[in-house]
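Enquirer: For the sequence shown, position 49 matches number 48 in numbering that gives the first Met the number 0, and the numbering has no gaps at all. Idealized CB from N, CA, C, for every residue including glycine. It should be emphasised that the depicted structure is a prediction, and the values quoted were computed from it without experimental measurement. Questions regarding the structure given below will be posed in turn.
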Amino acid sequence: MIRSNVSTLPMKDRLRQIPSLKAPLPDCDPLALPDTPQDAFALWLDDALEAGVREPHAMTLSTVDENGWPDARVLILKNVDHRGWHFAVKAESPKGRQLDNEPQVALTFYWPALGRQVRLRGPAIVLSVKDCADDFLGRPVSSRVSAIASRQSEVLEEGEGLESRIAEAQALIAANPGYVSPGWRVYAVAPTVAEFWQGASDRNHKRLRYVVCGDGSAWERSVLWP
Ligand SMILES: Cc1cc2nc3c(=O)[nH]c(=O)nc-3n(C[C@H](O)[C@H](O)[C@H](O)COP(=O)(O)O)c2cc1C
């Protein structure tokens with residue numbers, strides 16, 4: 000497709016023209032946030048939904064590979080409870096292997112309509128076989144088929160039989176509706192540090208950091224410089 004409206008401006012100027020953290024954004028008293036990051040997250044998720052943020056449960060999972068190189072990708076948040084923030088992966092995928100090798104991760108949410116960011120850091124722990132199975136079986140059939148059939152992130156050579164692998168996975172599930180892919184893992188990230196960031200048009204951003212104390216049941220809260 001030939002586009003007629005391609006900008007001729009240098010990239011630097013094009014980028015400078017794009018607004019960021021444009022008013023109106025909510026004001027925030029950081030110390031008025033709840034005592035735990037779980038409760039603060041629940042509050043801000045409701046605000047994001049009310050503000051019409053699309054896919055507010057999409058987050059960036061950052062990992063490191065066996066060489067210590069960072070990697071990051073967007074995933075969907077599955078749950079938040081006393082164990083942490085949950086997500087599901089295929090164990091054989093690059094992120095699955097990276098998690099096996101190094102469980103320390105970061106999760107990042109960005110909700111543009113509100114100018115808000117949530118950052119979490121901590122270990123990702125695999126949940127029980129039952130939790131993984133329940134999550135797998137709770138997915139729509141097409142998602143289960145894809146999870147079984149896909150060699151996620153490997154090079155897909157032409158004629159390699161993606162369709163036939165999908166057909167095989169469909170047949171497997173049709174014959175055995177309770178089938179659970181053995182490589183399906185649900186992880187919970189129990190953060191040791193969490194930060195709630197409210198952007199402001201005048202750049203006087205408001206930030207609250209939670210650091211876990213002692214046995215993990217209490218949090219120390221600090222307001223950070225913008
Ligand atoms: C909005 C959005 C949601 C996504 N959700 C998932 C997800 O829940 N699980 C998943 O494996 N990949 C999801 N992806 C794709 C991942 O970002 C990534 O491309 C894929 O998991 C391969 O990652 P890896 O090569 O690091 O293993 C999503 C991508 C986007 C943009």
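#1: Am I right that alanine 87 and aspartate 133 are in contact with their C-beta atoms under 8 Å? What's the rounded C-beta distance?
#2: Between leucine 30 and valine 222, is the Cβ-Cβ spacing less than 8 Å?
#3: Please tell me whether, using a cut-off of 7 Å, the distance from the CB of alanine 50 to the nearest non-hydrogen atom of ligand 1 is below it.
#4: Would you identify the three-state DSSP class for glutamate 156, choosing helix, strand or coil?
#5: Give me every residue whose Cβ sits closer than 5 Å to any heavy atom of ligand 3, in chain order.
#6: Runs of 3 residues minimum, wholly inside the region 25–104: which ones carry the beta strand (DSSP E) assignment?
#7: Do you know whose CA, among Val210, Trp196, Ala170, Ser200, lies nearest aspartate 28's CA?
#8: Does serine 221 come out as helix, strand or coil in the three-state DSSP assignment?
#9: Once you ignore the five residues that flank tyrosine 109 on each side, which residues in its own chain have a CB closer than 7 Å to its CB?
#10: Where does lysine 129 sit, in a helix, a strand or coil, going by DSSP?
#11: Assuming leucine 207 is part of the alpha helix (DSSP H), what are its boundary residues?
Expert: This is what the structure gives:
#1: In fact, because the Cβ distance is near 11 Å, the residues do not count as touching under 8 Å.
#2: yes
#3: no
#4: coil
#5: Inclusion of ligand 3 in the displayed structure is not the case, the ligand content consisting of ligand 1 alone.
#6: 57–63, 69–75, 78–80, 83–89
#7: Trp196
#8: strand
#9: Gln116
#10: helix
#11: Per DSSP, leucine 207 belongs to no alpha helix (DSSP H); it is in the beta strand (DSSP E), 205–212.
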